[in-house]
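Residue numbering for the sequence shown follows the numbering used here, starting at 485 and increasing by one per position. Think of the CB as a built atom: it goes at the ideal place given N, C-alpha and C, for glycine as much as any other residue. So the structure is just underneath, and the comments pick up after that.
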Amino acid sequence: MLSANSNTDQSLNLVQRPRRLRRTETLRNMVRETTLTVDDLIYPMFVMTGEGQKVEIPSMPGCYRYSLDLLLKEIAEVSQLGIGAIALFPVIPEDKKDDTGTESYNPEGLVQTTVKAIKKAVPDIIVITDVALDPFTTHGHDGLVDENGVILNDPTVEVLAKMALSQAQAGADFVAPSDMMDGRVGAIRQVLDAEGYINVGILAYSAKYASAYYGPFRDALDSAPKFGDKKTYQMDAANAKEALKEVELDIAEGADIVMVKPALAYLDIIHQVKINTNLPVAAYNVSGEYAMIKAAAANGWIDEKKVILETLTSMKRAGADLILTYFAKEVALMLM
Ligand code: PBG
485 MLSANSNTDQ
495 SLNLVQRPRR
505 LRRTETLRNM
515 VRETTLTVDD
525 LIYPMFVMTG
535 EGQKVEIPSM
545 PGCYRYSLDL
555 LLKEIAEVSQ
565 LGIGAIALFP
575 VIPEDKKDDT
585 GTESYNPEGL
595 VQTTVKAIKK
605 AVPDIIVITD
615 VALDPFTTHG
625 HDGLVDENGV
635 ILNDPTVEVL
645 AKMALSQAQA
655 GADFVAPSDM
665 MDGRVGAIRQ
675 VLDAEGYINV
685 GILAYSAKYA
695 SAYYGPFRDA
705 LDSAPKFGDK
715 KTYQMDAANA
725 KEALKEVELD
735 IAEGADIVMV
745 KPALAYLDII
755 HQVKINTNLP
765 VAAYNVSGEY
775 AMIKAAAANG
785 WIDEKKVILE
795 TLTSMKRAGA
805 DLILTYFAKE
815 VALMLM
């Protein structure tokens, strides 16, 4: 009598049979190389003005813009699920926007008051604030623009440093420059240190590509650029070496964590960044990647849960230590 793991139909004389390690669930678990855990997840969330409001983003089903009161409830729940960090994005009313994004460093602005309230209500959650001008400018660009429509680098960096400082003063644990101006990480590190915020970290969007995958996010914030595109500051999708250069510069300037964004179409970049640096690497599973899965699942064309886990696992396998994802809450529930 043969036991379950023997077989008489072999005709090939093989020394190596990789299938031996895939035979049972237990064995597969034992030899698994990559494990996705709730500790890997950062949840991007949208805050808006008002009270008692929660508005679903049409191109991102399951994601909402929350007024502060409801955001705090949601964050308490997110924290209960074991998610350690959120990345905060503000929906700025049109009447608070101007050409230079002055609202971005208003100590009583939406981001600043929200951060203060979060740190009071849920002190343990790590709060990461976005440093870029696009939610605050009438033209929707991440930087200051001259009369010819050129995005100005150095004057923008000055504003970004003010913005980052005001976020640190409000209690942000990490500031996350997503603007792609040259020299902004260094300028931010310098002003934070000079003002005593030595423990506020910088999560740098180091390799951020000019990507069509950001569409739904720009719907969420009403922040699509009113003219032109972002190709003079965000990176060309065709480039990989340039990503390593950007990462190297950000590390030299004081970044604590480096990020690749988007994630799915850039797994090779995540991998190369991982093997070329000793810092933690984050990947941003962006709005368009989220929308594609949601849309296909809504049509019954894919198994949503399995595709989500497979997608995020691929990012970890590529080398991401942390993943910013709108699926964070769903995944935390699945992993429980
Ligand atoms: C803005 C910013 C963008 C995203 C994060 N920060 C959009 C952009 O650069 O136009 C995109 C996030 C997403 O698509 O999920 N600086």
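- Hey, out of M776, G685, C547, whose CA is closest to E737's CA? As a first step, residue 737 is located in the sequence shown; it is residue number 253 there, counting from the start. Taking each of M776, G685, C547 in turn and checking the Cα distance to E737, the smallest one comes out for G685.
- Apply the 10 Å Cβ neighbour rule to D677 and answer buried if 16 or more other Cβ atoms are within range, or exposed otherwise. Locating residue 677 in the sequence shown gives position 193, where the first residue counts as 1. With fewer than 16 Cβ atoms within 10 Å of its Cβ, D677 is classed as exposed.
- Buried or exposed: where does P542 fall if 16 or more other Cβ atoms within 10 Å of its Cβ makes it buried? Counted from its first residue, the sequence shown places residue 542 at position 58. The residue is exposed, with fewer than 16 neighbouring Cβ atoms inside 10 Å.
- Hey, is D663 close to the ligand PBG, as in C-beta under 8 Å from one of its heavy atoms? On the sequence shown, position 179 is the one that residue 663 refers to. At least one heavy atom of the ligand PBG is nearer than 8 Å to the Cβ of D663, so yes.
- Message: Buried or exposed, going by whether 16 or more other CB atoms sit within 10 Å of the CB of E592?
- Response: Within the sequence shown, numbered from 1, the residue matching residue 592 stands at position 108. Counting Cβ neighbours within 10 Å, E592 comes out exposed, since fewer than 16 surround it.
- Report all residues from its chain with a CB closer than 6 Å to the CB of P574; omit the five preceding and five following residues, and keep chain order. The residue given as residue 574 occupies position 90 in the sequence shown. V531, L594, V595, P619, listed in sequence order.
- Message: Looking at D626: is its Cβ nearer than 9 Å to the Cβ of S650?
- Response: For the purposes of this step, residue 626 is taken as the residue at position 142 of the sequence shown. For the purposes of this step, residue 650 is taken as the residue at position 166 of the sequence shown. Contact flag unset, no.
- Message: For I612 and D657, which I take to be in contact (beta-carbon distance under 8 Å), what is that distance rounded to the nearest angstrom?
- Response: Numbered from 1 along the sequence shown, position 128 holds the residue referred to as residue 612. Numbered from 1 along the sequence shown, position 173 holds the residue referred to as residue 657. Right, their Cβ atoms sit about 7 Å apart.
- Excluding the five sequence neighbours on either side, which residues of its own chain have a C-beta within less than 8 Å of the C-beta of P700, listed in chain order? As a first step, residue 700 must be located in the sequence shown, where it is residue number 216. Around P700: I541, S543, M544, S771, G772, Y774, A775.
- Message: Just checking P700 against the ligand PBG - is the residue's beta carbon closer than 8 Å to any of the ligand's heavy atoms?
- Response: The residue you call residue 700 lines up with position 216 of the sequence shown. The answer is yes for P700.
- Query: Is E540 helix, strand or coil by DSSP?
  - Reply: Position 56 of the sequence shown, counted from the first residue, corresponds to residue 540. Strand at E540.
- Message: Can you tell me where the alpha helix (DSSP H) holding A671 begins and where it ends?
- Response: Against the sequence shown, residue 671 aligns to sequence position 187. Counting along the chain, the alpha helix (DSSP H) containing A671 begins and ends at 668 to 678.
- Just grab the DSSP bridge partners of Y774 for me. In the sequence shown, residue 774 corresponds to position 290, counting from 1. Answer by DSSP bridge pairing: none, since Y774 is not bridged.
- Task: Would you mind giving the Cβ-Cβ distance between G644 and I682, rounded to the nearest angstrom? I have them listed as a contact below 8 Å.
- Result: As a first step, residue 644 is located in the sequence shown; it is residue number 160 there, counting from the start. As a first step, residue 682 is located in the sequence shown; it is residue number 198 there, counting from the start. Going by the sequence as given, residue 644 is Leu instead of Gly. Not a contact, Cβ separation roughly 19 Å.
- Message: Quick check: is any heavy atom of the ligand PBG less than 8 Å from the C-beta of D706?
- Response: Indexing the sequence shown from 1 puts residue 706 at position 222. Relative to the ligand PBG, even the nearest heavy atom lies 8 Å or more away from the CB of D706.
- Taking the C-alpha atoms as reference points, what is the distance between Q494 and T508? Locating residue 494 in the sequence shown gives position 10, where the first residue counts as 1. Locating residue 508 in the sequence shown gives position 24, where the first residue counts as 1. Answer to the nearest angstrom: the Cα atoms are 19 Å apart.
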